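Engineer: In terms of numbering that gives the first Met the number 0, the numbers along the sequence shown are unbroken and rise by one, the last being 128.
I am attaching a structure below and will ask some questions about it afterwards.
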Amino acid sequence: MRKPKKTKYGDYATWVEFEVMANYCVRVILSNDIVKSAQERIGRGPGEGADAFCYHVHDTGRSYIFLPLDAPEGTVVHECWHIIRQIMAYCHVQELDDEVIAYHLDHMVEKVYEFKKAIQSSIKEEEQK
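Okay, here's the thing in structure tokens:
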């Protein structure tokens, strides 16, 4: 993974693609201010008191997942489940097979954590300069 850099919104973002699921794309955004990041990207923020949230672009194969930089494991998995459920709905999967869900959820969580780890490494490197 390339060294993550802050976007023009002051957050970090990457794409996760699900090629076998109709090329569904997920924009993963890690931020110190998910409300600001969301408002600038999609024109709205999360509901009251949300620690993280997902936004699914209607009738497209695209979603956003907004997470704080210090999101705990449970929050990451919770939001990733919403993404996987949306992907299945978009692809008209009517019966949720445990193994298919587990495989795709594992992939999504792994990609978020790879990105999160790369960001943390990049921040440490910048602090040491």
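Cβ atoms here follow ideal geometry from the backbone N, Cα and C, with glycine treated the same way.
What you are looking at is a predicted structure, and each value in this text was computed from that prediction instead of being measured.
Apply the 10 Å Cβ neighbour rule to E78 and answer buried if 16 or more other Cβ atoms are within range, or exposed otherwise.
Structural biologist: When all chains shown are included, E78 counts as buried.
Engineer: Going by Cα to Cα distance, which pick from F114, I86, V27, S121 is closest to H57?
Structural biologist: For H57, the nearest C-alpha among the options comes from I86.
Engineer: Can you list, in chain order, the stretches of the alpha helix (DSSP H) that have 4 or more residues and sit fully within the segment 47-89?
Structural biologist: Complete alpha helix (DSSP H) runs here, min 4: 72-89.
Engineer: Taking its Cβ as the centre, do 16 or more other Cβ atoms sit within 10 Å of S120, making it buried, or is it exposed?
Structural biologist: Its Cβ having fewer than 16 others within 10 Å, S120 is exposed.
Engineer: Assign A21 to one of three DSSP states: helix, strand, or coil.
Structural biologist: Three-state result, A21: coil.
Engineer: On the three-pair Cβ rule with 8 Å, is the segment 33-51 touching the segment 96-103?
Structural biologist: As far as the Cβ criterion goes, the segment 33-51 does not touch the segment 96-103, which means the pair count is below three.
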